[in-house]
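Here the sequence shown stands for residues 1 to 218, numbered as in UniProt numbering.
Virtual Cβ for every residue (Gly too), placed ideally from N, Cα, C.
This one's a predicted model, so the numbers in the text were calculated from it and none came from an experiment.
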Amino acid sequence: MAVQISPSILSADFARLADEAARVEGVADWLHVDVMDNHFVPNLTLGLPVVEALLKTTSIPVDCHLMIEDPDRWAPGYAEAGASSVTIHVEAAKAAVRTLRAIRAAGARSGLALNPATPVDPYEDLLPEIDMLLVMTVEPGFGGQSFLDIMLPKISRARALIDKFGGEVWLQVDGGVSAQTIERCAEAGADVFVAGNAVYGADDPAQAIRDLRALAEK
Ligand code: DX5
Ligand code: ZN
């Protein structure tokens, strides 16, 4: 699968989201939107009304990462609103299979995210239900944290399980992905790379994406 880059608007200027999306239009494969509820993670960002507004202003497919309690209740709404991908955390979902199916039924790609302390093996049986597996490479909640090297074996293990399954499941990494870490993630088998600080912290976000893509494709 080709390398895909999903810049996280968590590191963008929230007062100018439409402009910030426009800066990466034509270069970014996705726009990663971090929904945080101050319960599942100790930070509060934005919710469905802001995602709906953003969807009207950009043609980049939106990749919603829900770091919220009760994703079973909220996730389908993001898919219905027009998000192209909706990812829920396995630690928060009480009926993950039902919710993943509801996301797909609403026309979006279904994603399942694993916190750093959550092993991947117990979720092998869910691979037929998902279009993307997200291995968190920081504890979720904030941008600009350091990449957790100890997650590299989990990325490799996830790649092996996906290859054994044989279906098309993308493997996303999120947290601390930068020019210093993206090659290791790619070597371990990731193919979708979220980058917040490395893109929106750069003077030229579009060029930062081109540089990250070149490193991941090496
Ligand atoms: C963290 C979020 C990430 C965050 C990544 O909880 O899920 O998407 O924006 O930011 P960086 O790339 O700066 O680590
Ligand atoms: Zn994220």
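Span separating the alpha-carbon of residue i from that of residue j
{"i": "residue 212", "j": "residue 2", "result": "13 Å"}
{"i": "residue 142", "j": "residue 116", "result": "14 Å"}
{"i": "residue 38", "j": "residue 16", "result": "23 Å"}
{"i": "residue 6", "j": "residue 194", "result": "5 Å"}
{"i": "residue 184", "j": "residue 218", "result": "11 Å"}
{"i": "residue 44", "j": "residue 18", "result": "20 Å"}
{"i": "residue 4", "j": "residue 206", "result": "14 Å"}
{"i": "residue 214", "j": "residue 203", "result": "18 Å"}
{"i": "residue 13", "j": "residue 118", "result": "31 Å"}
Neighbourhood of residue i by C-beta, 8 Å cutoff - its chain only, sequence neighbours within 5 removed
{"i": "residue 84", "result": "30, 61, 62, 63, 108 and 109"}
{"i": "residue 51", "result": "33, 35, 62, 64, 78, 81 and 83"}
{"i": "residue 169", "result": "127, 130, 131, 132, 133 and 162"}
{"i": "residue 25", "result": "58, 59 and 60"}
{"i": "residue 278", "result": "Summary: the structure shown does not reach residue 278, with the chain confined to residues 1 through 218, and so no result is reported for it."}
CB contact below 9 Å: residue i versus chain B
{"i": "residue 215", "result": "Going by chain labels, chain B is absent from the structure shown, which holds only one protein chain."}
Cβ shell of residue i (< 6 Å), same chain only, five flanking positions each side left out
{"i": "residue 176", "result": "137, 138, 145, 146 and 147"}
{"i": "residue 196", "result": "8, 10, 11 and 143"}
{"i": "residue 172", "result": "132, 134 and 192"}
Coil, strand or helix - residue i by DSSP
{"i": "residue 209", "result": "helix"}
{"i": "residue 3", "result": "coil"}
{"i": "residue 23", "result": "coil"}
{"i": "residue 148", "result": "coil"}
{"i": "residue 170", "result": "strand"}
{"i": "residue 133", "result": "strand"}
{"i": "residue 156", "result": "helix"}
{"i": "residue 87", "result": "strand"}
{"i": "residue 121", "result": "helix"}
{"i": "residue 202", "result": "coil"}
{"i": "residue 46", "result": "coil"}
{"i": "residue 177", "result": "coil"}
{"i": "residue 107", "result": "coil"}
{"i": "residue 59", "result": "coil"}
{"i": "residue 138", "result": "coil"}
Top-ranked residue by Cα proximity to residue i, from the options
{"i": "residue 27", "options": "114, 58, 164 and 50", "result": "58"}
{"i": "residue 123", "options": "24, 82, 100 and 16", "result": "100"}
{"i": "residue 165", "options": "215, 130 and 70", "result": "130"}
{"i": "residue 157", "options": "174, 135, 168 and 167", "result": "135"}
{"i": "residue 69", "options": "42, 49 and 53", "result": "42"}
{"i": "residue 66", "options": "55, 54, 48 and 56", "result": "48"}
{"i": "residue 96", "options": "71, 163, 119 and 181", "result": "71"}
{"i": "residue 154", "options": "187, 178 and 128", "result": "187"}
{"i": "residue 114", "options": "140, 94, 125 and 98", "result": "140"}
{"i": "residue 216", "options": "179, 23 and 125", "result": "179"}
Cut-off 7 Å between Cβ atoms - residues of its own chain near residue i, not counting five sequence neighbours on either side
{"i": "residue 103", "result": "75, 76, 79, 86 and 110"}
{"i": "residue 106", "result": "76, 79 and 80"}
{"i": "residue 160", "result": "none"}
ask   = Within the chosen definition, does the stretch 85-104 reach the stretch 143-155 through at least 3 CB pairs nearer than 8 Å?
value = no
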